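The sequence shown maps to residues 2 to 466 in the numbering used here.
A short worksheet on the structure shown next.
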Amino acid sequence: MSVLNLGPELTIPLEDVVGQCVAILGIRGSGKSNTAGVIFEELLQAHYPMSLVDIDGEYFGLKEKYEVLVVGGGDHADVELNMATAGEVADLSLREGVPVILDVSDMLSDERERFVFDYLTRVWALAGRLRTPYMIGIEECHEFIPQGVRTPLKDVIARIALRGRKRGLGAVVISQRSAKVEKDVLTQAGMLFLHRVVHEADMRVYGELLPWRKLEAKETVSKLGIGECIFMSGAAVRKVKVRVRHTFHGGYTPSFRPVESPKLRQVRGRILEALARVQTAIPAPGEAAPALCRAPVVAPVAAPDPIASPPWEEQRDAAPCSPRALVQEVVPDVVSDLPEPVLRQVDRLLRRLRRLSPVQQRVVGFLVGQEPGAYTTHELAAWVDCPETLLRVEPPTEALELGLVSCERLARGVTYRGAVRQYADEAFSGFTSGLGAEGTRRLIAYLRRRIADLAPAERDLVYTP
């Protein structure tokens with residue numbers, strides 16, 4: 002039986018980790034990141050498939066000893082991070098058992114949230130069909146699952162951490178600010194590595210997690226040295242020291258002494274072959290994405306420059322306004338290739354959508370046709386040619402409940418985007434395994450076209466207060 006050798010007095014059976022939520026907490030410099038690195042080393046040694054969300058670009062050093070695919074924009078990346086291919090990389094990792102590091106350190110906050118959301122949503126859906134052991138690692142998890150704030154990304158991560166066991170999904174969440182992490186995730190974690198903390202708020206969290214008197218917990222935690230932690234798993238609670246990681250730690254503290262860069266292993270064999278298949282879907286700089294992978298974009302996502310860009314209304318009038326036209330430009334007729342039960346389920350969805358108001362149909366059709374573009378309420382109102390106040394009092398609630406549209410609060414305000422890919426993964430999960438990757442793409446294309454057909458082609462929406 003395989004075991005994880007985490008220290009001279011700490012070995013964990015691999016089967017105890019399957020589907021487990023593991024929390025690693027502690028201040029910077031306490032050994033928290035080393036503990037995470039050791040766990041990932043041991044999982045890789047056991048050929049345990051995983052994806053690691055690396056917010057600071059620290060984990061490339063795992064390639065010193067293990068064959069890992071680094072996706073990102075840094076110097077150590079094997080493939081450039083591409084927003085349109087999050088699902089393809091997730092498919093590669095789960096289906097082929099390829100360990101992946103998602104280096105999102107160069108991404109802006111909004112881009113990072115969108116990419117990780119798309120990636121983990123695909124992981125969740127695919128894991129429901131494959132049901133094989135798989136681990137998700139999330140560094141600086143308080144950035145993604147903050148206490149007291151709800152976002153679509155937080156919902157996905159919490160779902161994996163709390164309910165992933167039935168799908169074989171586990172999670173390793175790492176944070177230096179315990180008090181800022183969603184409490185439901187921490188209190189339900191089956192395995193805890195509690196390194197030293199000093200902030201009173203973080204100490205209170207430890208007091209709630211440990212089965213000790215608060216004074217005893219505070220005294221013990223305060224005396225922990227570098228690499229030492231309190232290990233909790235089931236009824237076992239004890240102080241342990243985690244070994245030093247064998248691979249290069251990219252998050253080392255800078256000093257005046259030179260640090261020799263490690264020799265990193267290059268991906269080869271089955272990973273290289275699988276990577277080649279994914280890269281065929283990634284457009285080269287200056288090239289367009291393949292038609293079925295590309296959502297036609299006729300509007301900028303960011304707020305326009307009032308000097309450099311014309312008003313939203315002028316941009317809207319200069320572009321094709323019909324979602325039907327936008328989708329038909331790139332989607333062929335694929336109905337003949339889909340099984341009859343799939344078509345019947347699509348028809349049931351369309352009957353439900355036809356009961357929506359004309360405004361709602363136009364909004365849903367536009368967002369689906371423009372997926373994965375994100376639009377604020379102001380931008381969306383301009384594009385579908387209706388008063389902004391109408392969208393504020395009549396948001397696309399039905400589409401949100403169905404999962405056809407997602408909503409999140411970003412720095413520029415509440416934004417909406419189409420989510421047909423995620424909807425298809427969930428609503429058609431019983432069919433997609435039989436359809437295969439190409440059949441699933443045809444299903445998504447067909448859904449987009451039929452939903453866009455529901456939107457009125459003319460700008461005849463009248464606001465009646």
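Beta carbons are placed, not taken as given, at the ideal position from N, Cα and C, and that holds for glycine.
Because the structure is a prediction, the values reported are computed rather than measured.
- [ ] Tell me whether the beta-carbon of residue 118 lies closer than 7 Å to the beta-carbon of residue 170.
- [x] Locating residue 118 in the sequence shown gives position 117, where the first residue counts as 1. Locating residue 170 in the sequence shown gives position 169, where the first residue counts as 1. With contacts defined by Cβ atoms closer than 7 Å, residue 118 and residue 170 do not form a contacting pair.
Practice problem: Classify residue 175 as helix, strand or coil using the three-state DSSP reduction. | Solution: Mapped onto the sequence shown, residue 175 falls at position 174. DSSP places residue 175 in strand when its eight states are reduced to three.
Could you give the residue range of the alpha helix (DSSP H) that holds residue 33?
-> Translated into positions along the sequence shown, residue 33 becomes position 32. Run containing residue 33: 33 to 46, per the alpha helix (DSSP H) assignment.
- request: Could you give the DSSP three-state label for residue 25: helix, strand or coil?
  value: Along the sequence shown, read from residue 1 onward, the residue named residue 25 stands at position 24. Residue state, collapsed to three classes: strand.
Contact the segment 69 to 84 vs the segment 121 to 129: 3+ CB pairs below 8 Å: With a cut-off of 8 Å, the segment 121 to 129 and the segment 69 to 84 do not count as touching, because too few Cβ pairs lie within range.
task: Give the C-beta separation of residue 445 and residue 369 to the nearest angstrom, bearing in mind that I take them to be a contact with Cβ-Cβ under 8 Å.
output: As a working note, residue 445 is residue 444 in the sequence shown. As a working note, residue 369 is residue 368 in the sequence shown. About 10 Å; that fails the 8 Å criterion.
field: Classification of residue 6 by the beta-carbon crowding that lies within 10 angstroms, buried from 16 upward
entry: Position 5 of the sequence shown holds residue 6. The residue is exposed, with fewer than 16 neighbouring Cβ atoms inside 10 Å.
- Query: Mind checking whether residue 241 and residue 249 have CB atoms under 7 Å apart?
  - Reply: On the sequence shown, position 240 is the one that residue 241 refers to. On the sequence shown, position 248 is the one that residue 249 refers to. No, the pair does not count as a contact, with Cβ atoms beyond the cut-off.
>> So, for residue 33: in the same chain, excluding its five sequence neighbours on each side, which residues have a beta-carbon less than 6 Å away from its beta-carbon?
In response: On the sequence shown, position 32 is the one that residue 33 refers to. Excluding residues within five positions, the ones whose Cβ falls inside 6 Å are 25, 27, 196.
Backbone CA spacing between residue 162 and residue 194 [nearest angstrom]: As a first step, residue 162 must be located in the sequence shown, where it is residue number 161. As a first step, residue 194 must be located in the sequence shown, where it is residue number 193. Answer to the nearest angstrom: the Cα atoms are 16 Å apart.
key: Sheet register partners of residue 6 (DSSP bridge)   = The residue given as residue 6 occupies position 5 in the sequence shown. 12.
Look at the Cβ atom of residue 102, then the Cβ atom of residue 69, and state whether they are nearer than 7 Å.
Residue 102 sits at position 101 when you count from the first residue of the sequence shown. Residue 69 sits at position 68 when you count from the first residue of the sequence shown. A contact, by the Cβ cut-off of 7 Å.
Mind checking which residues open and close the beta strand (DSSP E) that includes residue 239? Numbered from its first residue, the sequence shown carries residue 239 at position 238. Unbroken beta strand (DSSP E) run through residue 239: 237 to 242.
Classify residue 192 as helix, strand or coil using the three-state DSSP reduction. As a working mapping, residue 192 is identified with position 191 in the sequence shown. Three-state result, residue 192: strand.
### Task
Return the bridge partner residues of residue 81 from the DSSP annotation.
Within the sequence shown, numbered from 1, the residue matching residue 81 stands at position 80. Per DSSP, the beta bridge partners of residue 81 are 73.
May I ask which residues mark the beginning and end of the beta strand (DSSP E) holding residue 207? In the sequence shown, the residue the question calls residue 207 occupies position 206. Here residue 207 belongs to no beta strand (DSSP E); instead the alpha helix (DSSP H) covers 201 to 210.
inquiry  = Buried or exposed for residue 363, going by 16 or more other Cβ atoms inside 10 Å?
reply    = The sequence position of residue 363 within the sequence shown is 362, counting from 1. That one is buried.
Q. Which partner residues of residue 232 appear in the DSSP bridge assignment?
A. As a working note, residue 232 is residue 231 in the sequence shown. Looking at the DSSP assignment, residue 232 forms a beta bridge with 194, 239.
When you compare the CB positions of residue 243 and residue 416, do they come within less than 7 Å of one another, or not? Here residue 243 refers to the residue found at position 242 when the sequence shown is read from its first residue. Here residue 416 refers to the residue found at position 415 when the sequence shown is read from its first residue. Cβ atoms of residue 243 and residue 416: not closer than 7 Å.
Item to complete: Could you tell me if residue 382 is buried or exposed, where buried requires 16 or more neighbouring beta carbons within 10 angstroms of its beta carbon?
Response: Your numbering for residue 382 matches position 381 in the sequence shown. Looking at its Cβ environment, which holds 16 or more other Cβ atoms inside 10 Å, residue 382 is buried.
(Q) Quick check: the Cα distance between residue 428 and residue 223, rounded to an integer number of angstroms? (A) Taking the first residue of the sequence shown as position 1, residue 428 is located at position 427. Taking the first residue of the sequence shown as position 1, residue 223 is located at position 222. Taking the straight line from one Cα to the other gives about 50 Å.
Between the Cα of residue 160 and those of 141, 179, 176, 187, spot the shortest distance and give me the residue it belongs to. As a position in the sequence shown, residue 160 is number 159, starting the count at 1. Out of 141, 179, 176, 187, 187 has the C-alpha closest to the C-alpha of residue 160.
Checklist line | Alpha-carbon spacing of residue 132 relative to residue 168, whole angstroms | finding: Position 131 of the sequence shown, counted from the first residue, corresponds to residue 132. Position 167 of the sequence shown, counted from the first residue, corresponds to residue 168. So the alpha carbons of these two residues sit roughly 5 Å apart.
In the structure shown, what three-state DSSP assignment does residue 147 receive? As a first step, residue 147 is located in the sequence shown; it is residue number 146 there, counting from the start. Correct three-state label for residue 147: strand.
*asked:* Which same chain residues end up closer than 7 Å to residue 19 when comparing Cβ atoms and leaving out the 5 residues on each side of it in sequence?
replied: Numbered from its first residue, the sequence shown carries residue 19 at position 18. 134, 169, 171.
Exercise. Tell me, which residues are paired with residue 90 by DSSP?
Worked result: By 1-based counting over the sequence shown, the position of residue 90 is 89. The partner list for residue 90 (beta bridge, DSSP) is empty, contrary to what the question assumes.
Per DSSP, the bridge partner or partners of residue 407:
On the sequence shown, position 406 is the one that residue 407 refers to. Residue pairing by DSSP puts residue 407 in a beta bridge opposite 418.
When DSSP labels each residue in this structure, what does residue 49 get in the three-state scheme? Sequence index remark: in the sequence shown, residue 49 carries index 48 (1-based). Residue state, collapsed to three classes: coil.
Residue range of the beta strand (DSSP E) that includes residue 161: On the sequence shown, position 160 is the one that residue 161 refers to. Element bounds for residue 161: not the beta strand (DSSP E) but the alpha helix (DSSP H), 153 to 164.
Q. Any idea what DSSP makes of residue 54, helix, strand or coil?
A. Counted from its first residue, the sequence shown places residue 54 at position 53. Looking at residue 54 - three-state DSSP - the assignment turns out to be strand.
Out of 372, 410, 409, 405, which has the shortest C-alpha to C-alpha gap to residue 353? As a first step, residue 353 is located in the sequence shown; it is residue number 352 there, counting from the start. Nearest of 372, 410, 409, 405 to residue 353, Cα basis: 405.
*Do residue 57 and residue 106 have their C-beta atoms closer together than 7 Å?*
For the purposes of this step, residue 57 is taken as the residue at position 56 of the sequence shown. For the purposes of this step, residue 106 is taken as the residue at position 105 of the sequence shown. Contact flag set, yes.
Discussion item. Taking a contact to mean a Cβ-Cβ separation below 7 Å, would you say residue 52 touches residue 137 in this structure?
Written reply: The residue you call residue 52 lines up with position 51 of the sequence shown. The residue you call residue 137 lines up with position 136 of the sequence shown. Yes; because the gap between Cβ atoms is below 7 Å, this pair is in contact.
Please determine, among 9, 114, 97, the residue with the shortest C-alpha to C-alpha distance to residue 142. For the purposes of this step, residue 142 is taken as the residue at position 141 of the sequence shown. The residue with the shortest Cα to Cα distance from residue 142 is 114.
- prompt: Looking at residue 377 and residue 413, is the spacing between their C-beta atoms short of 7 Å?
  reply: Taking the sequence shown and counting its residues from 1, the one referred to as residue 413 is at position 412. Taking the sequence shown and counting its residues from 1, the one referred to as residue 377 is at position 376. Yes. Within cutoff.
Tell me which same chain residues have a C-beta within less than 6 Å of the C-beta of residue 230, skipping the five on either side of it?
If you number the sequence shown from 1, residue 230 lands on position 229. Only 194, 195, 196 meet the Cβ criterion.
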